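Structure record follows, encoded as structure tokens.
Protein chains: 2
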Amino acid sequence: MAGKKQFDMDTALDAAMIQFWRSGYADTSLNDLSRATGLNRSSIYSSLGDKDALFLRCLDRYATRYGDKFDAALSCAAEDPVAAVRAFFDVTLGRIADPAVPDGCLMAQSVMASPTLSPSVAEHVKELFGLQRPRLRTALKAGGMSDENAEDFAVHVAAVNQSLAVMGRAGSSPEQLRAIVGVTVDALARALRR
Amino acid sequence: MAGKKQFDMDTALDAAMIQFWRSGYADTSLNDLSRATGLNRSSIYSSLGDKDALFLRCLDRYATRYGDKFDAALSCAAEDPVAAVRAFFDVTLGRIADPAVPDGCLMAQSVMASPTLSPSVAEHVKELFGLQRPRLRTALKAGGMSDENAEDFAVHVAAVNQSLAVMGRAGSSPEQLRAIVGVTVDALARALRR
DNA sequence: CCCATCTTGGACTGATCAGTTCAAGACGTG
DNA sequence: CACGTCTTGAACTGATCAGTCCAAGATGGG
Numbered sequence: 001m002a003g004k005k006q007f008d009m010d011t012a013l014d015a016a017m018i019q020f021w022r023s024g025y026a027d028t029s030l031n032d033l034s035r036a037t038g039l040n041r042s043s044i045y046s047s048l049g050d051k052d053a054l055f056l057r058c059l060d061r062y063a064t065r066y067g068d069k070f071d072a073a074l075s076c077a078a079e080d081p082v083a084a085v086r087a088f089f090d091v092t093l094g095r096i097a098d099p100a101v102p103d104g105c106l107m108a109q110s111v112m113a114s115p116t117l118s119p120s121v122a123e124h125v126k127e128l129f130g131l132q133r134p135r136l137r138t139a140l141k142a143g144g145m146s147d148e149n150a151e152d153f154a155v156h157v158a159a160v161n162q163s164l165a166v167m168g169r170a171g172s173s174p175e176q177l178r179a180i181v182g183v184t185v186d187a188l189a190r191a192l193r194r
Numbered sequence: 001m002a003g004k005k006q007f008d009m010d011t012a013l014d015a016a017m018i019q020f021w022r023s024g025y026a027d028t029s030l031n032d033l034s035r036a037t038g039l040n041r042s043s044i045y046s047s048l049g050d051k052d053a054l055f056l057r058c059l060d061r062y063a064t065r066y067g068d069k070f071d072a073a074l075s076c077a078a079e080d081p082v083a084a085v086r087a088f089f090d091v092t093l094g095r096i097a098d099p100a101v102p103d104g105c106l107m108a109q110s111v112m113a114s115p116t117l118s119p120s121v122a123e124h125v126k127e128l129f130g131l132q133r134p135r136l137r138t139a140l141k142a143g144g145m146s147d148e149n150a151e152d153f154a155v156h157v158a159a160v161n162q163s164l165a166v167m168g169r170a171g172s173s174p175e176q177l178r179a180i181v182g183v184t185v186d187a188l189a190r191a192l193r194r
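This is the structure we're talking about:
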């Protein structure tokens with residue numbers, strides 16, 4: 001069983017990402033990763049590096065995947081910023097509703113669980129975590145909002161977006177999650193109408 | 001050194017709570033708890049039970065302590081619901097700003113980290129977690145808000161309140177945290193003015 | 001058909017974990 | 001002052017952890 005790589009790197013990375021996402025960094029052992037990816041422990045080390053390195057790759061994968069979706073959702077901000085923010089939230093609501101993917105949010109649970117993470121990983125999480133705000137601020141300004149309001153709304157929307165993962169994991173229903181974003185979307189619509 | 005208990009139970013429980021709060025359940029070992037409380041491992045077992053039982057006591061302690069503060073903050077809801085919600089958020093903002101206490105929120109990080117927690121503990125966390133919403137709903141209705149709006153705002157405010165812990169842990173500044181709640185408070189004020 | 005190369009599986013290491021056990025000894029009671 | 005009671009500290013157990021190592025064997029080039 002050798003000579004040529006016997007697994008697909010993308011499939012393995014996805015499996016590892018979902019495993020970290022479902023169980024968190026601390027509660028994911030290398031045996032879990034081995035089981036999830038179908039790779040042997042030594043194959044993981046030789047192909048993907050140690051636990052920290054693999055986790056970093058999964059984090060980047062996660063940030064890129066959903067970052068792209070957020071960008072796509074916000075792309076209509078100039079024409080209809082309210083619809084853009086609604087679409088932004090829908091990315092997260094859809095992810096939470098997707099049974100093929102774990103509850104919660106890999107970034108949020110990682111930032112909440114920092115101590116086991118090595119400082120460099122924790123720093124990287126925070127960095128990726130902060131990407132949403134400038135994205136939103138730019139979109140809101142493109143939609144005609146003042147600089148100050150755009151800044152405040154951007155951080156508010158990013159925060160509410162994160163809260164969805166927490167509330168969803170805590171047992172809130174899809175209706176309750178929609179109510180959470182509804183208040184924000186209404187407030188945004190009113191702020192823009194003025 | 002025996003014959004009489006040589007430690008103060010409240011002090012020890014506070015120390016254990018802060019240790020769990022700072023490091024989370026998974027990353028808190030019994031040695032950490034022993035060091036934090038000043039109690040020997042066997043004293044912890046005999047006086048406070050095993051790790052799960054101690055964690056439950058700390059959770060209840062946390063929920064009660066901040067639950068009481070939230071209740072006090074909302075007590076003026078009938079006269080001035082906006083001020084009540086502002087005071088509600090101030091409890092969390094003050095907690096985050098308090099250097100004597102860890103960042104984040106014990107409940108939120110526990111609900112995000114569930115897998116290591118035994119199912120019964122996870123259930124208990126969710127239960128305690130859900131206490132804020134009815135508290136807020138009652139307060140908002142007392143302040144003159146319609147049933148439907150009160151329900152939506154209650155879950156929104158509870159979510160934003162939780163997001164503060166996540167965003168604070170992710171490195172947001174106090175100003176940014178104030179902006180997050182500011183949008184919600186403004187929206188609430190407008191909703192009540194109508 | 002053979003050999004060098006590289007993946008793979010499983011055994012191994014040392015550290016750390018939660019939880020148990022027990023002798024030592026300090027206290028309060030009589 | 002003596003004895004029983006209860007806390008305490010430290011050693012111990014078995015399990016699991018991340019990470020390493022190496023022999024077995026499959027592959028592809030010559």
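Protein chains in written order, with the UniProt record's numbering: chain R, 1 to 194; chain X, 1 to 194. Glycine included, each C-beta is placed from N, C-alpha and C at the ideal position. Note that this is a predicted model, so its numbers are computed, not measured.
Proximity below 8 angstroms, CB of Gln176(X) to CB of Val155(R): Taking the first residue of the second sequence as position 1, residue 176(X) is located at position 176. Taking the first residue of the first sequence as position 1, residue 155(R) is located at position 155. Yes, these two residues count as a Cβ contact at 8 angstroms.
Gly143(X) classed as buried or exposed, judged by whether at least 16 other C-beta atoms fall within 10 angstroms: The residue labelled residue 143(X) in the question sits at position 143 within the second sequence. With 16 or more Cβ atoms within 10 Å of its Cβ, Gly143(X) is classed as buried.
Where the alpha helix (DSSP H) through Met167(R) begins and ends: Taking the first sequence and counting its residues from 1, the one referred to as residue 167(R) is at position 167. Element bounds for Met167(R): Asp147 to Arg169.
The stretch 13–20 of chain R touching the stretch 56–66 of chain R, judged by at least three CB pairs closer than 8 angstroms: Touching, yes, given that three or more Cβ pairs across the two stretches are closer than 8 angstroms.
Beta-carbon separation (whole angstroms), Asp152(R) vs Ala179(X), contact threshold 8 angstroms: Here residue 152(R) corresponds to residue number 152 of the first sequence, with the count starting at 1. Here residue 179(X) corresponds to residue number 179 of the second sequence, with the count starting at 1. Yes, Asp152(R) and Ala179(X) are in contact; Cβ-Cβ is about 4 angstroms, under 8 angstroms.
Supposed close pair Met107(X), Phe129(X) - CB separation, criterion 8 angstroms: Here residue 107(X) refers to the residue found at position 107 of the second sequence. Here residue 129(X) refers to the residue found at position 129 of the second sequence. Right, their Cβ atoms sit about 5 angstroms apart.
Alpha helix (DSSP H) segment containing Pro134(R), residue limits: Along the first sequence, read from residue 1 onward, the residue named residue 134(R) stands at position 134. Residues Gln132 to Ala142.
Val181(R): first and last residue of the uninterrupted alpha helix (DSSP H) it sits in: Position 181 of the first sequence, counting from 1, holds the residue named residue 181(R). Pro174 to Arg193 is the span of the alpha helix (DSSP H), which, as asked, contains Val181(R).
Sub-8 angstroms separation of Ala53(R) and Ala113(R) beta-carbons: Here residue 53(R) is taken as the residue at index 53 of the first sequence, counted from 1. Here residue 113(R) is taken as the residue at index 113 of the first sequence, counted from 1. It is not a contact, given that the beta carbons lie outside the stated cut-off.
Contact under 8 angstroms by Cβ, Leu117(R) with Ala63(R): One-based indexing of the first sequence puts residue 117(R) at position 117. One-based indexing of the first sequence puts residue 63(R) at position 63. Not a contact, by the Cβ cut-off of 8 angstroms.
Short Cβ contact (8 angstroms threshold) for Val91(X) with Leu188(X): Counting from one through the second sequence, the residue named residue 91(X) turns up at place 91. Counting from one through the second sequence, the residue named residue 188(X) turns up at place 188. Here Val91(X) is not near Leu188(X), since their CB atoms are 8 angstroms or more apart.
Contact set for Cys76(R): own chain, Cβ-Cβ below 8 angstroms, skip 5 residues either direction: Along the first sequence, read from residue 1 onward, the residue named residue 76(R) stands at position 76. Within the same chain, Cys76(R) has close Cβ partners Ala83, Ala84 and Ala87.
Distance CB(Val111(R))-CB(Val125(R)) smaller than 8 angstroms: To locate residue 111(R), count along the first sequence from 1; it is residue 111. To locate residue 125(R), count along the first sequence from 1; it is residue 125. Cβ distance < 8 angstroms, so Val111(R) and Val125(R) count as in contact.
Assigned secondary structure, Gly49(R) (DSSP; H/G/I helix, E/B strand, else coil): The count along the first sequence starts at 1 and reaches residue 49(R) at position 49. Looking at Gly49(R) - three-state DSSP - the assignment turns out to be coil, as it is neither helix nor strand.
Cross-chain neighbours of Arg190(R) in chain X, by beta carbon under 8 angstroms: Here residue 190(R) corresponds to residue number 190 of the first sequence, with the count starting at 1. The contacting residues are Ala187 and Arg190.
Alpha carbon of Arg8(X) to alpha carbon of Arg95(X), nearest angstrom: Translated into the one-based positions of the second sequence, residue 8(X) becomes position 8. Translated into the one-based positions of the second sequence, residue 95(X) becomes position 95. Inspection of the sequence shows that residue 8(X) is occupied by Asp rather than by Arg. One C-alpha to the other measures close to 24 angstroms.
Positions along the stretch 56–71 of chain X whose CB lies within less than 9 angstroms of some CB in chain R: Answer in chain order: no residues at all.
Heavy atom of the ligand ZN within 7 angstroms of Asp27(X) beta-carbon: Ligands in the displayed structure: none, and consequently the ligand ZN is not present.
Nearest-angstrom Cβ-Cβ length linking Arg133(X) and Ala158(X), presumed shorter than 8 angstroms: Sequence index remark: in the second sequence, residue 133(X) carries index 133 (1-based). Sequence index remark: in the second sequence, residue 158(X) carries index 158 (1-based). Going by Cβ atoms, the distance from Arg133(X) to Ala158(X) rounds to 5 angstroms, so yes, they are a contact pair.
Residue-chain proximity (Asp152(X), chain R), Cβ-Cβ < 8 angstroms: Your numbering for residue 152(X) matches position 152 in the second sequence. So, interface residue.
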